[in-house]
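Structure record follows, encoded as structure tokens.
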Amino acid sequence: MTDSSDEAKQIEKLYEFGERLNEAKDKSQNVKDYEGVIDATKTSLKAKQLAAQLIPRFFKFFPNLSSRALNAHFDLIEEEDLAVRVQAIRGLPLFCKDTKEYISKIVDILGQLLTADEIVERDAVHKALMSVLRQDVKESLTALFKHIWNVEEPSQDDTIRDKVLCFIRDKVFPLKAELLRPPEEMERHITDLIKKSLGDVTGAEFRMFMDFLKSLSIFGEKAPPERLKELIGIIEGQADLDAQFDVSDADHIDRLISCLFMAIPFFVRGAPGSKFLNYLNKHIIPVFDKLPEERKLDLLKALAEISPYTTPQDSRQVLPSVVQLLKKYMPRRKTGEETNFTYVECLLFSFHHLAHKAPNASNSFCGYKIVTGQPSDRLGEDFSEYYKDFTERLSSVEDLTRATIKKLTQGMAEHNKAMAAAKSDEAKDNIKTLKQNTTTGLRTCNNILVMTKPLHLKTPAFIGDKSVNLSWKEAIKPSALSTTTATGVKRPAAGSGSNNLAIKKGRGAGNMQNQHVNRALEDVEEEEVTGSFDA
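Count the sequence shown with UniProt numbering and you get residues 1 to 535, in order.
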């Protein structure tokens, strides 16, 4: 313990060192004074606080004492006394101000200090990091990102990694316009840092990084095709499209479908989707029946949303697989089995858009007579049995759909009566949900009838525009109700339920549970009509 008189003498001595250093024209000559400041880090608490201010202030004038000064200051950061630690943290940016070679080291230390428990200490760390970032954003970001991709001891370093990610998300990303200058150079630099960090990320982390990359000007609306291709390449890497597919690997299936939905906005903008489509066609669709039930609809929805943006070559390759699935879910005659109308809607939508780009490819599968003048028209061959089979299936599903519309309309009337009679909020909420499900079911059925009608012709006009709005997409009319597929990816949390998808196996695992719409016909008592609507 240092008594008060000793402490007072130490403080007085420090002030003398500081005054002489401050007044000296050639401060490098005052070596003894600076050594005295360094030695004060071994004395009383108040002296340590004052030393924490003086060491970084005069650091640049004594390069021969740099190691000794830094070590002494770093010792102050590990002090038990909070005030000493906070003062030492606040001084860290000054070490880099005129001696840029220490930026990486200081940022590394500040990154570790993000795990501080005390709010005032954590706040000091945040401010110090932002100060260093503004001094040299390129060097600082590089040092900061090393905490993300260099995790040698996960049990020990994961906490630091998570804190660094939170800091980047909450403090750095929102200030991109200020920090990333010049934009072209710095946006490219942070993109490269992010790409290097994606080897082992959770779903939430990948989503965060992708959302940020999409916000950069280099990937904006005016970005050249190669930039969009770069983003798609990042998503393809996370989807493991080069990996051998195992239908029992639920993690990979979740990852694939989640990444597929993430890629759709880029397909809309013209990015190539061939690799995704080829993987689906070669590995996923052939084992569709073996997929987990909650993933089947996600896959069909993704396929439907991608189909308007496929190339003619890809459309020609995928169309046979879609036709086979369509026949499976459009039985030739009533079987008594439940018809999944949402599956049929997805597949009909995909069929139309794929066939619109490669119309004569449907000749040999559906018996159509579409003439393009190419050998692939196969007009000399007789596919009349295929035409008869396909149109009978269309008629069968139309009959089921019309009967279902009738029952749904009757059900809606019953729901309206029940709503008028409902007394409690709980009852009203339940009825509201039933009405929403019924509305979605009606939209699905109406879409099916719109899409089956032109397919009865020998030379159908395939739908290739936006005239059909998928039932789960935002309704065109404000009053129409819709449901949306959960396409986000989140970091798995202990005890958490749905919507958790791991992007890379190394950092968490989870699965996205598909939230099914209650069967619209659940309360319908007519045996000849059986069907379901998923969302």
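Heads up, the beta-carbon is just placed ideally off N, CA and C, and yes, glycines get one too. Since the structure is predicted, the reported quantities are computational estimates derived from the model, not experimental observations.
Inclusion of residue 264 and residue 356 in the CB contact set at 8 Å is not warranted, their separation being larger than that value. Pairing residue 455 with residue 352, the inter-Cα distance amounts to about 9 Å. In the three-state scheme derived from DSSP, where H, G and I count as helix and E and B as strand, residue 159 is classed as helix. Rounded to whole angstroms, residue 70 and residue 128 show a C-alpha spacing of 16 Å.
Annotation for residue 471: no alpha helix (DSSP H) segment contains it, and DSSP assigns it neither H nor E. Taking the Cα of residue 398 as reference, the smallest distance to any Cα among 409, 452, 440 and 381 is reached at 452. The three-state reading of DSSP puts residue 339 in strand, counting E and B together.
In this structure, residue 21 sits near residue 58, with a CB-CB distance shorter than 8 Å. In the DSSP assignment, residue 456 falls outside any alpha helix (DSSP H), carrying neither H nor E. Bridge partners of residue 140 according to DSSP: none are assigned. Under the 8 Å Cβ criterion, the segment 366 to 384 does not count as touching the segment 426 to 443, having fewer than three qualifying pairs. Secondary structure note for residue 247: it is in no alpha helix (DSSP H), with a DSSP letter that is neither H nor E. About 21 Å separates the Cβ atoms of residue 260 and residue 223, ruling out a contact at the 8 Å cut-off. Within the DSSP bridge table, the entry for residue 532 names 340 as partners. Remark: three or more beta-carbon pairs, one from each stretch, lie closer than 8 Å, so the segment 307 to 326 and the segment 274 to 293 are flagged as touching. Per DSSP, residue 87 is one residue of the alpha helix (DSSP H) stretching across 82 to 97. Within the model, the alpha-carbon separation for residue 346 versus residue 136 is close to 51 Å. In the structure shown, the three-state DSSP call for residue 313 is helix. Residues 102, 103, 106, 132, 135 and 136 of the same chain have their beta carbon placed closer than 8 Å to that of residue 96, with the five preceding and five following residues left out of the count.
Sorting 415, 321 and 142 by C-alpha distance to the C-alpha of residue 439 places 415 at the top.
Segment contact: the segment 378 to 390 against the segment 358 to 366, three or more CB-CB distances shorter than 8 Å; contact assigned. With contacts defined as CB atoms closer than 8 Å, residue 448 and residue 533 fail to qualify as a contacting pair. For residue 47, the enclosing alpha helix (DSSP H) covers residues 45 to 57.
Within the same chain, 329, 330, 397 and 448 come within 7 Å of residue 344 by CB-CB distance, once the 5 residues on both sides are set aside. Note on geometry: alpha-carbon atoms of residue 169 and residue 92 lie some 22 Å from one another. Going by C-alpha positions, residue 295 is about 44 Å away from residue 118. Distance check between residue 322 and each of 163, 304 and 339 places 304 closest, using alpha-carbon atoms only.
Cβ contact annotation for residue 281 (same chain, cutoff 7 Å, sequence separation greater than five): 317, 318 and 321, in chain order. Per the coordinates, the alpha-carbon of residue 252 lies some 16 Å from the alpha-carbon of residue 204. Closest by C-alpha distance to residue 306, out of 332, 286 and 273, is 273.
The beta carbon of residue 290 lies closer than 6 Å to those of 247 in the same chain, with the five residues before and after it left out. If you look at residue 429, you'll find it in the alpha helix (DSSP H) that goes 425 to 452. Taking C-beta atoms under 8 Å as the contact rule, residue 218 and residue 227 qualify, at a distance of about 6 Å.
Within a 10 Å sphere around the beta-carbon of residue 34 sit 16 or more other beta-carbons, which makes this residue buried. DSSP places residue 319 within a helical segment (H, G or I) once states are collapsed to three.
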